[in-house]
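Take 198 as the starting number for the sequence shown in the working numbering and just add one per residue. Report on the following structure.
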Amino acid sequence: MTAEAGRPRPLRVANCGGFYGDRLSAAREMVEGGPIDVLTGDWLAELTMSILAGNRLKGRPGYARTFLTQMEQVLGTCLDQGVKVVSNAGGLDPAGCAEAVSALADRLGLRVNVAHVTGDDLMPLAEPPVNAGTGEILRETPLTANAYLGGRPIAVALEHGADVVVTGRVTDAALVTGPGMWWFGWRPGDLDALAGSVVAGHVIECGCQATGGNYSFFEEVPGLPDCGFPIAELHTDGSSVITKHPGTGGLVSTGTVTAQLLYEIASPRYLGPDVTARFDTVRLEQEGPDRVRIMGVRGEAPPETLKVAVTCLGGFRNTMTLVLTGLDIAAKARVAQEAIWARVPRDSFDQVHVELTPLGPHTYEPGAAEDTEDAGAPETGGTALLRITVMDSDARTAGRAFSSAVVETGLASYPGFFGLTPPADASPYGVYWPSSVDARTVIPVVTVGGLRMEVPYTPPEPPEPQAPLLSSDLYGAAGDVADHQAAPPYAGDLTSGPVRPLGRIAGARSGDKGGDANLGVWVRDPAHYPWLAAFLTVERLRELLPEVGRLPVERFALPNLHALNFVIHGLLGRGVAASPLLDAQAKALGERLRAVRVPVPT
198 MTAEAGRPRP LRVANCGGFY GDRLSAAREM VEGGPIDVLT GDWLAELTMS
248 ILAGNRLKGR PGYARTFLTQ MEQVLGTCLD QGVKVVSNAG GLDPAGCAEA
298 VSALADRLGL RVNVAHVTGD DLMPLAEPPV NAGTGEILRE TPLTANAYLG
348 GRPIAVALEH GADVVVTGRV TDAALVTGPG MWWFGWRPGD LDALAGSVVA
398 GHVIECGCQA TGGNYSFFEE VPGLPDCGFP IAELHTDGSS VITKHPGTGG
448 LVSTGTVTAQ LLYEIASPRY LGPDVTARFD TVRLEQEGPD RVRIMGVRGE
498 APPETLKVAV TCLGGFRNTM TLVLTGLDIA AKARVAQEAI WARVPRDSFD
548 QVHVELTPLG PHTYEPGAAE DTEDAGAPET GGTALLRITV MDSDARTAGR
598 AFSSAVVETG LASYPGFFGL TPPADASPYG VYWPSSVDAR TVIPVVTVGG
648 LRMEVPYTPP EPPEPQAPLL SSDLYGAAGD VADHQAAPPY AGDLTSGPVR
698 PLGRIAGARS GDKGGDANLG VWVRDPAHYP WLAAFLTVER LRELLPEVGR
748 LPVERFALPN LHALNFVIHG LLGRGVAASP LLDAQAKALG ERLRAVRVPV
798 PT
């Protein structure tokens, strides 16, 4: 690393994948597209752990095999250019993945130093895990249990000369924080620098979502089909610049970065094993074309516990989807169900989930709260999907006895009957169970060059006192609503003005957090934020998105980003793998909100 005025030059960390299945050519594009120091990729969504557990039960590798495909394309170039590779593709078998990389290097005639990080695997558990959100004790037998490790083991591996670092379950941001620790020499007490790196890591870990992918205002993004992957230029104080290689498609703007900052977060205190990053202190600045500076991030001591992802087999499920068209949609849905349950009793299943999804917009009417099952059903003509999912511990009960019964109603049901799914057997589904463990009991282990090193938990000493959030905590009288808000003054009428889609002035991004969903909403014009904060309350959200119903909801204000973040607890049930919803990962929740027509002040 070269020093400038006594300080190391910025570290250029590139991302080449945001999930298991992302663009295979991305690693080559990032390595060949311009100078980088570290190539990272995130393979481990919460759903991926269940997928890898299923693969392992079938005798397949417990790691992401597409990582090897990418390494075959770029490993030689990375070694020639001094580019380090850091990836969590090791999944449930980091050692096996590292061995596969070494074997690949031997086949290619390359000499490579491959390190792997273990210690996250907590199986077998000494006692049933407690759900971190609900306090319930898991009754099923766990398949996997992995603690979320931080960046320190990655830094240790790089300090000992690793060319490639393969990990199991680490936090997404650790893939950037670890290289930052190695490059700049950050210690556990460098909380602000660590927090800045966590924010940078959070922005780039989902690949093209930081460069215009899945962006609310997608029509403003040039060259989206050839969207470039993001790069974080990390500085010694933890500030960063988010950018991409020149000549690639996509867009890096304060809007695209804001969207990704709001993705899959909860409280502005973003907890991690290395630091608690204060997202309410983040400031963004458009430094130039496709260059956004992130600065001002404050850090606090990390919690004394680590998040643990537990997975287990939940049972078996089967889904049939029918199309309802024309008039009397709600009545047709009732007739369809009556015909089905007459052939196979509804109470013969452990669980039944019925979802009626209108294929049309919903208009907000002040004070109107709709029945969730018939939410927005077009009675004057339209189309809707009726999705019926059954779940049971017995594969035969949830199998063709159900799906064939649905088909049998085809000529004795509602007019215009047709379906989108053929009869099929039931399929197994997994359950994601978030838990926690004392950080001092988890010992990460780094293996590199035949050396095995333990990296114990080292909290900063002494921990700094926590500063108050920019928002205050106000709890609703109903007891199921927490409204953490710093509401700017707004004196206008919230129920008057031209009726327009909310999305014409507000962007949104949503996603899954275990069984919960998060929904971030922001405005690009700071002058609009007081209206947004006053209008989009928790109760208003329930009216605009009837599927929220009476589920517990938290609202957090992020004034620096002109944004609000909602956490809807329990919307996804027992996690993505078990959710019967059509939008099982809540990816479209924000866009559904943006489509609702509301009164907007002129």
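C-beta atoms are modelled at their ideal positions from N, C-alpha and C, and glycine is treated no differently.
Inter-segment contact for the segment 600-618 and the segment 526-546 is present: three or more beta-carbon pairs are separated by less than 8 angstroms. Per DSSP, the continuous alpha helix (DSSP H) segment holding I248 begins and ends at 243-254.
For I233, same chain residues with a beta-carbon under 7 angstroms away, outside a window of 5 residues either side, are R209, A211, M227, V280, I428 in chain order. When C-alpha distances from L786 are compared across P625, G496, R739, the shortest belongs to R739. In the structure shown, H399 adopts helical secondary structure according to DSSP, grouped into three states. Straight through space, the alpha carbons of R771 and A595 are spaced by roughly 18 angstroms. If you draw a 10 Å sphere on the C-beta of S693, you find fewer than 16 other C-beta atoms in it, and that means exposed. Per DSSP, L738 is one residue of the alpha helix (DSSP H) stretching across 735-741.
For E788, the uninterrupted alpha helix (DSSP H) segment begins and ends at 786-792. The three-state reading of DSSP puts Y345 in coil, since its state is none of H, G, I, E or B.
Between H399 and A370 the beta-carbon gap is near 5 angstroms, inside 8 angstroms, which marks them as a contact.
By the Cβ-count criterion, P695 is exposed, with fewer than 16 other Cβ atoms from all chains shown falling within 10 Å of its own Cβ. Fully contained in the segment 266-296 are the following beta strand (DSSP E) runs of length 3 or more, in chain order: 281-284.
Between the segment 754-769 and the segment 713-731, the count of C-beta pairs closer than 8 angstroms reaches three or more; the two stretches touch. Fewer than three pairs of CB atoms, one per stretch, sit closer than 8 angstroms, so the segment 263-271 makes no contact with the segment 315-328.
The C-beta separation of G704 from G452 comes to about 6 angstroms, placing the pair in contact by the 8 angstroms criterion. Annotation for T580: no alpha helix (DSSP H) segment contains it, though the beta strand (DSSP E) segment containing it runs 580-589. When beta bridges are read from the DSSP output, Y626 appears opposite G512. The residue from T440, E501, V505 with its alpha-carbon nearest to that of V489 is T440. Listed as beta-bridge partners of R490 by DSSP are V438, E482. For P542, the closest alpha carbon among the candidates Q483, V505, P500, V603 is that of V603.
Around L307, the same chain offers L272, G273, L276 as residues with beta carbons nearer than 7 angstroms, after the five sequence neighbours per side are excluded. By the neighbour-count definition (other C-beta atoms within 10 Å, threshold 16), I401 is a buried residue. Apart from the 5 residues on each side of it in sequence, A760 sits with its Cβ closer than 7 angstroms to the Cβ of T455, L459, G717, V718, W719 in its chain, given in chain order. Taken in chain order, the complete alpha helix (DSSP H) segments of 4 or more residues contained in the segment 690-772 are 726-732, 735-741. Residues of the same chain with a CB within less than 8 angstroms of the CB of L254, apart from the 5 flanking positions on each side, are L340 in chain order. Within the same chain, F614 come within 7 angstroms of G607 by CB-CB distance, once the 5 residues on both sides are set aside.
In this structure, DSSP gives Q782 a state outside helix and strand, which the three-state scheme calls coil.
Three or more beta-carbon pairs separated by less than 8 angstroms are not found between the segment 508-523 and the segment 474-491, which leaves the two stretches without contact.
Out of E497, E788, V494, the CA that lies nearest to the CA of L742 is found in E788.
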